[in-house]
Every structure is written in C-alpha cells, then in structure tokens.
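FYI, the numbering for the sequence shown is -19 to 93, going by the working numbering.
This report refers to the structure that appears directly beneath it.
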Amino acid sequence: QLGRSKTTHFPDTEIHVMVEEVVRGKDVFLIQPCSMPVNDNLIELLLYLDAFRRASVHSVTAVIPYYPYARQERMAKGREAISARVVANLLETQGADRVIFVDIHASAVQGFF
C-alpha cells in the first residue's frame, strides 16, 4: 500500500521530509527518482532514509529509477572522485538495506554495494 509522506522546502531551499504514518517494524520500499534536479532528489532520498530509520522500520529498499552520478564510476584522468561510489556509500550509511536500479549507466556501479 502506498504510504503518506510530505516533502517541503524551507525559505533557504533546504529540503524537509516527514513520514506521516506509523511505519515501525514495516518493510518499506522507497521509490525516488534521482533525475533532474539530481542533487535535490538525491538529498531528499537520503533524508527519507534517515526518517524511516528513526521511525524504526524493519527494512528499507531504495528503488531508484535513475542512479545519480553513475557516469562517474571510475577515475578517467586521476585525482578525481569516484562519485558513483560516494553515492553508494551515502545510501548504505543512511540505512538502505537494498537498492534496486531501473536504469544504470555502468554495470560497475553494482559492485559498489
């Protein structure tokens, strides 16, 4: 069943998320597109992961139709960030138990989890 949540923005454009129902002990599927604006949608996803963990869910599966920063799955020239790995670390750190991709630019990203 579809859950209730609310996303708002503060005057300075910071994102505020709120889960509007009791989800304690539930298995949650969080569907979040991370297309444009990529950074805003990624932060919103990370904030929802945190909100669900604080609400004591059993597990969270992040369903991401478009994986952000997948084009940066390796260093092309050296001294660059491997941004796809950074996003994977953020998702794991914020409590995603599983991640499902719909469109992935590079299969190497799968190895980051």
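Ideal Cβ placement from N, Cα and C applies to all residues, glycine included.
For clarity, every value in this text was computed on a predicted model and none was experimentally measured.
- Rounded to the nearest whole angstrom, the C-alpha separation of Gly5 and Leu22 is 25 Å.
- Put simply, the backbone Cα of Val8 is about 14 Å away from that of Leu27.
- Taken atom to atom, the span from the alpha-carbon of Leu70 to that of Gln(-19) is near 27 Å.
- Cβ atoms of Gln74 and Leu29 come within 8 Å of each other, at about 4 Å.
- The beta carbon of Ser39 sits closer than 6 Å to the beta carbons of Asp7 and Asp77 from its chain, once the five residues preceding and following it are set aside; these are given in chain order.
- Straight-line measurement puts the Cα of Arg(-16) at about 6 Å from the Cα of Glu1.
- CA-CA distance, Lys57 to Val67, rounds to 20 Å.
- In this structure, DSSP gives Tyr46 an extended state, which the three-state scheme calls strand.
- About 15 Å separates the beta carbons of Ala42 and Val3, which is beyond the 8 Å limit, so they are not a contact pair.
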